[in-house]
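Q: Heads up, our numbering is the position in the sequence shown plus 1468, with the first residue counted as 1. Each residue gets a CB set at the ideal place from its N, CA and C atoms; glycine is no exception. Quantities reported herein were computed from a predicted structural model and do not represent experimental measurements.
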Amino acid sequence: MGGHTWRWYPWLTKGVAAVHCTAVVMAFMFLWRVGYGSLGERTQYIVSNETAIRWSWGVGAAAVLLTTVVFLFLLISLNQRYRAVLQMGLMIWILGVSAAILHDFLQMTVMPALSQLFVQVPTKGLAQTITDWEQVLIRLLGVFAWTCYGIGGLIYTGVMFRTEDFPEDLAWFSLFVWSLILLLSIVLSWISSKMIGFTSFSLLIFIPWLWRVGKAVRPTPVPKN
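Have a look at this one:
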């Protein structure tokens, strides 16, 4: 395993883990109320805390985007006999990341605008429009994006088991993490009201995985002349 001399890689994964940690803290501080309470309470909260909510979604988007860099490094670090399989897993992961970033962008732009309008002119038609948007966004992130995360992560996990010198306990931990993410995407299709909590948990569970990957996948030392 390895063959590359990227000494900065352990610091990269720790940095990505730190971004995930920040995203979790901000989600618990500012986002949890977005998904709870009546429509009037939710929209009023969004309008009153628009800046903090936008930053929270933005940090979450940055977290999953930076995790893609970790997957790119794993692409060239794991068993190269399965490179085509890894590339397929990476493409599925990128589909999920693209959906998540689109979701976060809509949460930062469309939902505040609709909430502002509803606070000013609360009509039944607008209430239904906001509810429809919420359902679309839940399926975009919690169902589609997380399903892509789970499948892409499990594909990488399969190659971890086939990579010489890769820590077996980390491979099993990866199997647990990505299976759980996939399970959460299935559960969320029935319990959509829990999306914010599930989102925070998914970001949280990435932290120990990223940390352990950073410690296990070490660059090969540069030979001395």
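Just the C-alpha distance for S1583 and I1598, rounded to the nearest angstrom, thanks.
A: Your numbering for residue 1583 matches position 115 in the sequence shown. Your numbering for residue 1598 matches position 130 in the sequence shown. Rounded to the nearest angstrom, the two C-alpha atoms are 8 Å apart.
Q: Work out the CA separation of Y1477 and T1519 for me, nearest whole Å.
A: Within the sequence shown, the letter at position 51 stands for residue 1519. Within the sequence shown, the letter at position 9 stands for residue 1477. For T1519 and Y1477, the distance between alpha carbons rounds to 33 Å.
Q: Enumerate in chain order the residues of its own chain whose CB-to-CB distance from W1525 is below 7 Å, with the five nearest sequence positions on each side excluded.
A: Position 57 of the sequence shown, counted from the first residue, corresponds to residue 1525. Correct list, in chain order: D1572, Q1575, M1576.
Q: Please identify the residue among E1636, L1671, R1680 whose C-alpha is closest to the C-alpha of V1565.
A: Here residue 1565 refers to the residue found at position 97 of the sequence shown. Per the Cα distances, L1671.
Q: Just how far apart, CA to CA, sit G1620 and R1501?
A: Here residue 1620 refers to the residue found at position 152 when the sequence shown is read from its first residue. Here residue 1501 refers to the residue found at position 33 when the sequence shown is read from its first residue. Going from the Cα of G1620 to the Cα of R1501 covers about 30 Å.
Q: Quick one, are the C-beta atoms of Y1617 and S1653 less than 9 Å apart?
A: Start at 1 with the first residue of the sequence shown, and residue 1617 comes out as number 149. Start at 1 with the first residue of the sequence shown, and residue 1653 comes out as number 185. Result yes, Cβ atoms of Y1617 and S1653 sit closer than 9 Å.
Q: What number of angstroms, rounded off, separates the C-alpha of F1539 from the C-alpha of L1651?
A: Here residue 1539 refers to the residue found at position 71 of the sequence shown. Here residue 1651 refers to the residue found at position 183 of the sequence shown. Cα to Cα, the separation comes out at about 21 Å.
Q: Whose CA, out of V1487, I1649, Q1603, Q1512, lies closest to the CA of V1708?
A: In the structure as shown, the chain begins at 1469 and stops at 1693. Residue 1708 is therefore absent and cannot be evaluated.
Q: State whether the stretch 1545-1554 contacts the stretch 1598-1617, with contact taken as three or more CB pairs (one from each stretch) at a distance under 8 Å.
A: No, they do not touch.
Q: What is the C-beta distance between P1580 and I1673, in whole angstroms, given that I count them as a contact (C-beta under 8 Å)?
A: Here residue 1580 refers to the residue found at position 112 when the sequence shown is read from its first residue. Here residue 1673 refers to the residue found at position 205 when the sequence shown is read from its first residue. With a Cβ gap of about 28 Å, P1580 and I1673 do not count as contacting.
Q: I'd like to check one pair, L1546 with M1494: are the Cβ atoms closer than 9 Å?
A: As a working mapping, residue 1494 is identified with position 26 in the sequence shown. As a working mapping, residue 1546 is identified with position 78 in the sequence shown. No, Cβ-Cβ distance for M1494 and L1546 is not below 9 Å.
Q: I'd like the ranges of any alpha helix (DSSP H) spanning at least 4 consecutive residues and lying wholly in the stretch 1553-1640.
A: Fully enclosed alpha helix (DSSP H) runs of 4 or longer: 1592-1606, 1614-1629.
Q: At the level of alpha carbons, what is the spacing between D1633 and I1562?
A: Within the sequence shown, numbered from 1, the residue matching residue 1633 stands at position 165. Within the sequence shown, numbered from 1, the residue matching residue 1562 stands at position 94. Whole-angstrom Cα-Cα distance: 27 Å.
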